[in-house]
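Everything below concerns the one structure shown next.
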Amino acid sequence: MKLLKKIILVIVAIILIFLVIALFVDRNYSVERNVIINKPIAEVFDYVRYLKNQDNFSKWAMMDPEMQKWYHGTDGQPGFVSAWKSEKKNVGAGEQEILRIEEGKRIDYELRFLEPFESTQQAYITTTAIDSMQTRVAWGFNGHMAYPSNLMLLFMDFEEIVGDDFQTGLDKLKNELE
Numbered sequence: 040m041k042l043l044k045k046i047i048l049v050i051v052a053i054i055l056i057f058l059v060i061a062l063f064v065d066r067n068y069s070v071e072r073n074v075i076i077n078k079p080i081a082e083v084f085d086y087v088r089y090l091k092n093q094d095n096f097s098k099w100a101m102m103d104p105e106m107q108k109w110y111h112g113t114d115g116q117p118g119f120v121s122a123w124k125s126e127k128k129n130v131g132a133g134e135q136e137i138l139r140i141e142e143g144k145r146i147d148y149e150l151r152f153l154e155p156f157e158s159t160q161q162a163y164i165t166t167t168a169i170d171s172m173q174t175r176v177a178w179g180f181n182g183h184m185a186y187p188s189n190l191m192l193l194f195m196d197f198e199e200i201v202g203d204d205f206q207t208g209l210d211k212l213k214n215e216l217e
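In this text, residue positions in the sequence shown follow the working numbering: the first is 40, and each later residue adds one.
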């Protein structure tokens with residue numbers, strides 16, 4: 040019985056240590072990648088503002104060409120929703136909504152993942168003119184993990200996991216537009 044008590048105390052102590060560590064782990068995270076496209080900013084922005092065009096460059100859209108997709112609203116305008124459902128677990132189901140557009144500069148989205156896990160993230164695409172024929176496109180997102188789930192941020196590298204996918208998409212976007 041004493042051995043069982045000691046084992047239970049050790050387990051409780053380990054759990055408490057992890058809970059204390061989680062108090063000091065940042066709950067917010069962000070990932071951003073960018074690419075330079077040899078096209079004028081107006082042409083680039085006019086392309087990326089439309090969510091349907093993401094099917095041509097987003098790595099996630101290409102992971103399952105058979106996924107179901109449906110849309111609501113006017114593409115390229117705030118309130119437009121692009122939704123998807125896939126049988127593939129790494130694609131899952133969810134929707135993306137255009138929240139705000141700062142003409143020629145920035146598009147803000149809300150990503151609502153429904154399967155295989157529920158989560159809401161804020162994403163964006165920005166365009167910045169380097170000169171009259173070059174545009175920097177940045178694609179990123181910001182997220183939040185509540186306590187004590189934020190402890191997982193110590194073991195997950197969003198920069199690598201999601202950042203590589205953003206970069207793949209941006210490289211495809213560059214090829215698409217050039």
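Ideal Cβ positions, reconstructed from N, Cα and C, are used throughout, including at glycine. It should be emphasised that the depicted structure is a prediction, and the values quoted were computed from it without experimental measurement.
For the alpha helix (DSSP H) holding residue i, just list the boundary residues, first then last.
| i | result |
| --- | --- |
| V51 | K41 to L62 |
| Y86 | I80 to V87 |
| M101 | K98 to M101 |
Taking residue i as the reference, which of the options has the closest Cα?
| i | options | result |
| --- | --- | --- |
| V87 | D204, K144, Q206 and I200 | K144 |
| N181 | V49, I60, S69 and M40 | S69 |
| R72 | F205, L42, Y110 and R151 | F205 |
| F152 | D196, V176, W99 and D170 | W99 |
| K213 | M40, D147, A52 and F84 | F84 |
| S171 | I75, F194 and E134 | I75 |
With residue i as the anchor, note down where its beta strand (DSSP E) starts and where it stops.
| i | result |
| --- | --- |
| K108 | Q107 to H111 |
| L124 | Contrary to the premise, residue 124 reads as Lys rather than Leu in this sequence. Taken as a continuous stretch (DSSP letters only), the beta strand (DSSP E) holding K124 covers V120 to K124. |
| N73 | N67 to I76 |
Considering only residues of the same chain and omitting the five flanking positions on each side of residue i, which have a CB-CB separation below 7 angstroms?
| i | result |
| --- | --- |
| H183 | R66 and N67 |
| F57 | L190 |
| S97 | G208 |
| A168 | I80 and T174 |
| Y89 | D114 and G115 |
| L193 | V64 |
| I27 | Past the edges of the chain, shown from 40 to 217, lies residue 27, and the structure says nothing about it. |
| I60 | L190 |
Rounding to the nearest angstrom, what Cα-Cα distance links residue i and residue j in this structure?
| i | j | result |
| --- | --- | --- |
| K44 | E157 | 37 angstroms |
| L62 | W178 | 30 angstroms |
| L55 | N95 | 47 angstroms |
| N77 | T166 | 12 angstroms |
| Q160 | I200 | 15 angstroms |
| L42 | A52 | 15 angstroms |
| L48 | D210 | 52 angstroms |
| I46 | E198 | 37 angstroms |
| H111 | D147 | 17 angstroms |
| E82 | A162 | 21 angstroms |
| L216 | N92 | 11 angstroms |
| M195 | L150 | 19 angstroms |
| S188 | I164 | 27 angstroms |
| F119 | Y186 | 32 angstroms |
| D203 | E142 | 27 angstroms |
Excluding the 5 residues flanking residue i on each side, which residues of the same chain have their C-beta closer than 8 angstroms to its C-beta?
| i | result |
| --- | --- |
| Q116 | I137 and I140 |
| S125 | M102, D103, E105, M106, Q107, G131 and A132 |
Which same chain residues end up closer than 6 angstroms to residue i when comparing Cβ atoms and leaving out the 5 residues on each side of it in sequence?
| i | result |
| --- | --- |
| P28 | No answer is possible for residue 28: it lies beyond the span of the chain, which begins at 40 and ends at 217. |
| W123 | M106 and K108 |
| S121 | L90, Y110 and Q135 |
Any chance you could list the beta strand (DSSP E) runs of at least 3 consecutive residues sitting entirely within the stretch 137 to 214, in chain order? 145 to 154, 158 to 170 and 173 to 183
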